Amino acid sequence: MRSASLSIEYKTAEQLALMRAPGLLVAQTLDLVRQAVAPGVCTADLDAMAERNIRAAGGIPSFKGYFGYPASLCTSVNEQIVHAIPAKTQVLREGDLISIDCGAIVDGWHGDAAVTVPVGEVPAELERMIRAAEDAMWTGLAAAADGTASGRGRLTDISAAIESRIRSAGRYGIVRGYGGHGIGTEMHQDPHVLNYGRPGKGPRLVPGMALAIEPMITVGSPETVQLADGWTVVTKDGSLAVHVEHTVALFEDGVWVTTAHDGGLARLGADRLTSRAR
Ligand code: MF3
Ligand code: CO
């Protein structure tokens, strides 16, 4: 992948600031939906709740109609990694893991984030696995902040930071091929952000970029299979997967995690945040 062949949308600080509104709407929608997660609830009901909440706030669910995708959320349960379509027939059971992925548009700007939550009680090792993915995501977000601040950071510094954090957490599979992405006036933009690889490659991390950072890890093999519905991505070996995501905007004086209520303050520290986020 040569940087020169990428089409990155570099935003002004004012444009990046406009990404806070869709980011917060996604954060608030995910809060609402995660509170509704319980045994006996079907994923279609979670989706309806999300769509209602986004539209009531004047936003547009960005997933709906995206290359024909039929829903406002991706609700990926257990061995489903990402892009699973909510369904009436998919009823959550005690012990399941569900990744809830949500995207919204406000005034033409996008926010994209995901959480993985346990349904009822799950074994402690699955709680640890969720924490490992979250820690890896925040390590990637910190790498984005530090690489921008130093003026010497490159895209794959984020990938390498995510990979090393996952590897230090345990023997997890790191999903191949899928990853994060640029985001702005469209949900998916260049560059693609893999969750593994050597540092120091790809485009420079500079103010004006906005990225969605989304680690995906598995209990077993990192290999994936796409189901016949054309969307759902599952682990090839049927092992459980965890997926989490945040959107981050890179400013001259620090970053803003647009899809985090506190802008990233608790996990990144005030020194890494733009003054706009404080
Ligand atoms: N957050 C998901 C991603 O970045 C969004 C999938 S949207 C869908 O891949 F429309 F493709 F479902
Ligand atoms: Co995304």
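Just so we're on the same page, our numbering is the position in the sequence shown counted from 1, plus 400.
Using N, Cα and C, we set each Cβ at its ideal position, and we do this for glycine too.
Computed from a predicted structure; not experimentally measured.
- Close CB contacts of residue 629 within its chain, under the 7 Å cut and outside five residues either way in sequence, are with 485 (chain order).
- Less than 8 Å divides the Cβ of residue 515 from the Cβ of residue 434.
- Cβ neighbours of residue 537 within its own chain (closer than 8 Å, five residues either side excluded): 562, 613, 614, 615, 644, 645 and 646.
- Residue 511 holds the alpha-carbon nearest to the alpha-carbon of residue 428 among 511, 671 and 559.
- Leaving aside the five residues that flank residue 660 on each side, the residues in its chain whose CB is nearer than 7 Å to its CB run, in chain order, 427 and 646.
- DSSP places residue 514 in the strand class (E or B) of the three-state scheme.
- Between residue 658 and residue 420, the C-beta spacing is below 8 Å.
- Note that the C-beta distance between residue 535 and residue 571 is not below 8 Å.
- Secondary structure note for residue 490: it is in no alpha helix (DSSP H), with a DSSP letter that is neither H nor E.
- For residue 442, the closest C-alpha among the options 410, 480, 431 and 487 is that of 487.
- Per DSSP, the continuous alpha helix (DSSP H) segment holding residue 423 begins and ends at 420–436.
- Remark: C-beta atoms of residue 607 and residue 555 do not approach each other more closely than 8 Å.
- Excluding the 5 residues flanking it on each side, residue 451 has same chain C-beta neighbours closer than 6 Å at 461 and 472, in chain order.
- If you check the C-beta of residue 629 against the ligand MF3, you find no heavy atom less than 7 Å away.
- Residue pairing by DSSP puts residue 573 in a beta bridge opposite 618.
- Look at residue 645 here: in three-state DSSP terms it is strand.
- With 16 or more other CB atoms across the displayed protein chains lying within 10 angstroms of its CB, residue 672 is buried.
- DSSP, read as helix, strand or coil, puts residue 668 in helix.
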